[in-house]
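Scroll down for the structure; my scribbles are underneath it.
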Amino acid sequence: ASRPSGATVPPELDATESRSEPIPTDAVALGHFFKAQVALTNADYAVATTEYERAVAADASSAFLRTRLAGLYVRDGRLTEALRQLDAVIALEPDAVQARVLLAGILSAAGDDDAAMAQYRAVLELDPTNQEALLFLGGLYARRGDYDYAQEILQRLTKAHPRSFLGYYYLG
Numbered sequence: 016a017s018r019p020s021g022a023t024v025p026p027e028l029d030a031t032e033s034r035s036e037p038i039p040t041d042a043v044a045l046g047h048f049f050k051a052q053v054a055l056t057n058a059d060y061a062v063a064t065t066e067y068e069r070a071v072a073a074d075a076s077s078a079f080l081r082t083r084l085a086g087l088y089v090r091d092g093r094l095t096e097a098l099r100q101l102d103a104v105i106a107l108e109p110d111a112v113q114a115r116v117l118l119a120g121i122l123s124a125a126g127d128d129d130a131a132m133a134q135y136r137a138v139l140e141l142d143p144t145n146q147e148a149l150l151f152l153g154g155l156y157a158r159r160g161d162y163d164y165a166q167e168i169l170q171r172l173t174k175a176h177p178r179s180f181l182g183y184y185y186l187g
């Protein structure tokens with residue numbers, strides 16, 4: 016999809032990227048989803064957030080929509096609202112890898128490393144080669160001083176993702 020010069024959409028919000036989650040099937044939610052995507056393409060995050068809020072209101076059972084909305088809330092620093100959406104996503108779909116990765120990042124940033132690590136481990140149970148979970152879990156173990164386990168996790172990362180320069184950087 017073409018974007019205006021200089022406009023970028025964060026990967027977790029880009030519906031043009033390959034993903035396994037279905038787009039909304041509810042007609043009203045789908046309309047708001049498309050409006051949100053147009054707004055994201057134009058880097059109009061306020062409109063995108065409003066449209067995702069409307070989409071979630073139309074289809075509260077959509078983990079996909081709630082995850083997208085949570086990503087926008089994080090972008091805007093609205094972490095309490097993001098956590099509320101992510102909790103709802105995990106209640107709807109316990110295997111929601113993307114939501115768990117986002118939740119772990121928020122928890123880590125808030126200083127709750129134990130909860131963040133639990134979420135990253137849950138992600139790795141669902142997706143053993145998840146690049147973000149391996150990278151950040153390895154980093155959290157290193158921050159705790161458990162360098163041997165951090166090294167083991169980061170080696171798993173570089174084995175699964177040989178082009179992960181951050182994995183090699185942190186191993187170095």
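For the sequence shown, position 108 matches number 123 in my numbering, and the numbering has no gaps at all.
Glycine included, C-beta positions come from ideal geometry on N, C-alpha and C.
Residue i burial status per 10 Å Cβ neighbour count (16 or more: buried)
i      : result
Thr56  : buried
Tyr156 : buried
Gly182 : buried
Arg83  : buried
Ser17  : For Ser17, the predicted structure reports a pLDDT of 42, less than 50, and the residue's modelled location is therefore unreliable. The matter cannot be settled from this model.
Contact check, residue i vs residue j, beta carbons under 8 Å
i      : j      : result
Leu87  : Thr64  : yes
Arg90  : Tyr67  : no
Leu169 : Leu186 : yes
Leu45  : Pro39  : yes
Ala70  : Ala97  : no
Ala72  : Val62  : no
Ala111 : Gln100 : no
Option nearest residue i by Cα separation, candidates the options
i      : options                           : result
Arg8   : Ala124, Ala125 and Arg115         : With the chain represented from 16 up to 187, any question about residue 8 goes unanswered, as that position is not in the structure.
Leu118 : Gln134, Gly126, Ala103 and Asp129 : Gln134
Phe180 : Ser123, Leu150 and Gly120         : Leu150
Leu139 : Ala175, Ser123 and Ala124         : Ala175
Ala124 : Pro143, Gly92 and Val112          : Gly92
Glu147 : Gly160, Met132 and Arg159         : Met132
Backbone CA spacing between residue i and residue j [nearest angstrom]
i      : j      : result
Gly153 : Ala42  : 42 Å
Ala75  : Leu107 : 10 Å
Ala30  : Arg81  : The predicted position of Ala30 is uncertain, since its pLDDT is 49 and thus under 50; no value can be drawn from it.
Asn145 : Thr173 : 11 Å
Ala103 : Ala78  : 8 Å
Gly126 : Gly120 : 10 Å
Gln166 : Pro143 : 16 Å
Tyr162 : Arg178 : 22 Å
Ala130 : Ile105 : 14 Å
Asp128 : Tyr164 : 15 Å
Phe48  : Arg158 : 39 Å
Gln113 : Ala58  : 22 Å
- Item | Secondary structure, alpha helix (DSSP H): runs of 4+ residues fully inside the region 109-142 | Listed in chain order, the complete alpha helix (DSSP H) runs (minimum 4 residues) inside the region 109-142 are 112-124 and 128-141.
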